[in-house]
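**Student:**
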Amino acid sequence: MRVYTGLLYLLLPLVLLRLLWRSLRAPAYRERLGERFGLFEGAPLPGGIWIHAVSVGEVQAIEPLVRHLQKRHPELAITLTTSTPTGSERARVLFGRDLFHVYFPYDLPWCLKRFLRRVQPCMLVMVETEIWPNLLQQCEEQGIITLLANGRLSERSARGYARLGGFSRRVFGRIRAVAAQSPADAERFVQLGVRRERVQVTGSIKFDMRIPASVQEQAQVVKRLLGEDRPVWIAASTHEGEEEQVLAAHARILEKIPLALLLLVPRHPERFERVAALLQRQGYRFVRRSMLVPCEPHTQVFLVDTMGELPLFLGVTDAAFIGGSLVETGGHNMLEAAAQGVPVVFGPHVFNFTAIASLLRNKGAAVQVRDSNELAKVVSAWLGDASERSRIGENGRRAVEGNRGALERLVEIVEELLRQPLIPSR
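What the sequence shown shows, in my numbering, is residues 219 to 644, in sequence order.
1) Is L443 near P512, with beta carbons less than 8 Å apart?
2) Spatial neighbours of P529 within its chain, please: CB distance less than 7 Å, with the 5 preceding and 5 following residues excluded, ordered by chain position.
3) In the DSSP assignment, what are the bridge partners of L298?
4) At what residues does the alpha helix (DSSP H) containing L234 begin and finish?
5) The beta strand (DSSP E) spanning R248 covers which residue range?
6) Using three-state DSSP, classify M427 as helix, strand or coil.
7) Considering Cα atoms alone, identify which of V450, L354 and M552 is closest to A604.
8) Please state if the CB of G256 and the CB of P339 are separated by a distance shorter than 8 Å.
9) By the 10 Å Cβ neighbour count, where 16 or more other Cβ atoms means buried, how is W600 classified, buried or exposed?
10) Tell me where the alpha helix (DSSP H) around I363 begins and ends.
11) Leaving out five residues before and five after T223 in sequence, what residues of the same chain have Cβ atoms less than 6 Å from its Cβ?
12) Decide yes or no for the touch test of the segment 258-276 against the segment 299-310: beta carbon pairs closer than 8 Å, at least 3 of them.
13) Going along the chain, which residues of its own chain have a beta-carbon closer than 7 Å to the beta-carbon of T535, five neighbours each way excluded?
14) For the segment 235-243 against the segment 374-383, do three or more pairs of beta-carbon atoms, one drawn from each stretch, fall closer than 8 Å, so that the two count as touching?
15) Taking the C-alpha atoms as reference points, what is the distance between R575 and Q436?
16) Using the C-alpha atoms, what's the distance from R416 back to F490?
17) Looking only at C-alpha atoms, which of T456, L477 and A469 sits nearest to E488?
18) Using 8 Å as the threshold, is the C-beta distance between R406 and A376 below it?
19) If you follow the beta strand (DSSP E) that L481 is in, where does it begin and where does it stop?
20) Please classify A516 as buried or exposed, where buried requires at least 16 neighbouring CB atoms within 10 angstroms.
21) If you run the structure through DSSP and keep just helix, strand and coil, what is M525?
22) In chain order, what residues of the same chain lie with their CB nearer than 7 Å to the CB of A244, ignoring the 5 residues before and after it?
23) Tell me whether the segment 581-589 and the segment 556-570 touch, counting them as touching only if at least three CB pairs, one residue from each stretch, are closer than 8 Å.
24) Mark R394 as exposed unless 16 or more other C-beta atoms lie within 10 angstroms of its C-beta, in which case mark it buried.
25) To the nearest angstrom, report how far apart T547 and N570 are at their CA atoms.
26) Can you check which of these residues, V396, N352 and L625, is closest to T364 by C-alpha distance?
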């Protein structure tokens, strides 16, 4: 552990430089910097539950668990930490003052001790893949129960951890309970050192996310903004190097379907201006969501340069490409689109969502493509065939409905852990 901690101290200046560099494009990254070192105003009541959700997707996924805990255990204060400004903003929108929110502290002993001294939780719930060695050691030493909720671990990540041998086994062995998304995820956690009796397969809680009726109502207003009779497809959560491929596909689609409209939704807000500049350079006629003006019949691209509106725009589209999959990012959540009955297409790189991607393909709710040429063919076919779109979309809706229940199983695990004293990991 000393070697790991020493490396973190050596890398800390680079981490701070990267944070400042990102803040040049997204000023929010340099705000509340002290929170990342365990320095913050106020504190929740001791003995509560600490939930860590990295960014927007994890915050949204964990909302039902937060609501359950607030209703079932009003005496337990909830502290929610995030790592990104977008995650922080989403937490503010969803929960307001209903819980205590700060940024996640760096995995350095003095930062963590300061944080834990202020918060004093009885349990830490980490969402998906948040494995921090010093954090787990501090929790074990202080008698704090640790649960990895909605746990997933790709083959690539598992191989990386396995190379660290005994170090990884000591780290993973400190986790009190794992609620894994799939049997494959569960087995990887066991192989890396989590006791088998501490691992349960619950499925993904993202299947349990529900689209509020208010979003569906707003979608009808947005549809009029875009043009009610136009064929529309969305490229959701795109990354650097991916927009060029999406636009290449859109150019081919426009050759066959001149009225087709692309909703382009970059993943990170600090890239909005660069994506707008790319559209300008390539000569696309586009409208920005932030301009609050309707599309004209000749508008080719609608740039969604706002945050938190992806579910809304998924509700008005005829086909959805899920980003992070034509570049080696690992993909993003495909279930939001499938749950709304929208046909889903994604690229070859979905290693962070392997089980969900396989399920949707096997259920006839999604198609995987290799490149922009195949993307154009698939989307063109869907935009030109309403009955096929309806069939695939309904397959997706049924696939999501048929796999709900992970949240209920996760809640049972949390309740059981709250009833039990800490059992030493070793």
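Beta carbons are placed, not taken as given, at the ideal position from N, Cα and C, and that holds for glycine.
**Tutor:** This is what the structure holds:
1) Residue numbering aside, residue 443 sits at position 225 when the sequence shown is read from its first letter. Residue numbering aside, residue 512 sits at position 294 when the sequence shown is read from its first letter. Contact flag set, yes.
2) Indexing the sequence shown from 1 puts residue 529 at position 311. Within the same chain, P529 has close Cβ partners I429, V433 and E554.
3) By one-based count along the sequence shown, residue 298 stands at place 80. According to DSSP, L298 bridges with I269 and H319.
4) Mapped onto the sequence shown, residue 234 falls at position 16. Per DSSP, L234 belongs to the alpha helix (DSSP H) from R220 to R243.
5) Reading the sequence shown from its first residue, position 30 is the one you call residue 248. That residue, R248, is in no beta strand (DSSP E); it is neither H nor E in DSSP.
6) For the purposes of this step, residue 427 is taken as the residue at position 209 of the sequence shown. Three-state result, M427: coil.
7) Locating residue 604 in the sequence shown gives position 386, where the first residue counts as 1. The option with the nearest alpha carbon to A604 is V450.
8) Position 121 of the sequence shown, counting from 1, holds the residue named residue 339. Position 38 of the sequence shown, counting from 1, holds the residue named residue 256. Taking C-beta atoms as the reference points, P339 and G256 fail to come closer than 8 Å.
9) Taking the sequence shown and counting its residues from 1, the one referred to as residue 600 is at position 382. W600 should be labelled buried.
10) Along the sequence shown, read from residue 1 onward, the residue named residue 363 stands at position 145. Here I363 belongs to no alpha helix (DSSP H); instead the beta strand (DSSP E) covers I363 to G369.
11) To locate residue 223, count along the sequence shown from 1; it is residue 5. Answer for T223: no residue qualifies.
12) yes
13) In the sequence shown, residue 535 corresponds to position 317, counting from 1. Excluding sequence neighbours, T535 sits near V450, W451, I452, L481 and V560.
14) no
15) Translated into the one-based positions of the sequence shown, residue 575 becomes position 357. Translated into the one-based positions of the sequence shown, residue 436 becomes position 218. Rather than Arg, the amino acid found at residue 575 in this sequence is Ala. C-alpha separation (whole angstroms): 28 Å.
16) Counting from one through the sequence shown, the residue named residue 490 turns up at place 272. Counting from one through the sequence shown, the residue named residue 416 turns up at place 198. Cα to Cα, the separation comes out at about 43 Å.
17) What you label residue 488 is simply residue 270 of the sequence shown in a count that begins at 1. It is T456.
18) The count along the sequence shown starts at 1 and reaches residue 406 at position 188. The count along the sequence shown starts at 1 and reaches residue 376 at position 158. Yes, the pair counts as a contact, with Cβ atoms nearer than the cut-off.
19) Sequence index remark: in the sequence shown, residue 481 carries index 263 (1-based). Counting along the chain, the beta strand (DSSP E) containing L481 begins and ends at L479 to P484.
20) The sequence position of residue 516 within the sequence shown is 298, counting from 1. It is His, not Ala, that sits at residue 516 in the sequence shown. H516 is exposed by the Cβ-count criterion.
21) Mapped onto the sequence shown, residue 525 falls at position 307. Three-state DSSP puts M525 in coil, outside helix and strand.
22) In the sequence shown, the residue the question calls residue 244 occupies position 26. Same-chain partners within the cutoff: P303, P487 and E488.
23) yes
24) The residue given as residue 394 occupies position 176 in the sequence shown. Burial call: buried.
25) Here residue 547 corresponds to residue number 329 of the sequence shown, with the count starting at 1. Here residue 570 corresponds to residue number 352 of the sequence shown, with the count starting at 1. If you take the alpha carbons of T547 and N570, they lie about 8 Å apart.
26) Your numbering for residue 364 matches position 146 in the sequence shown. Here the closest residue by C-alpha is V396.
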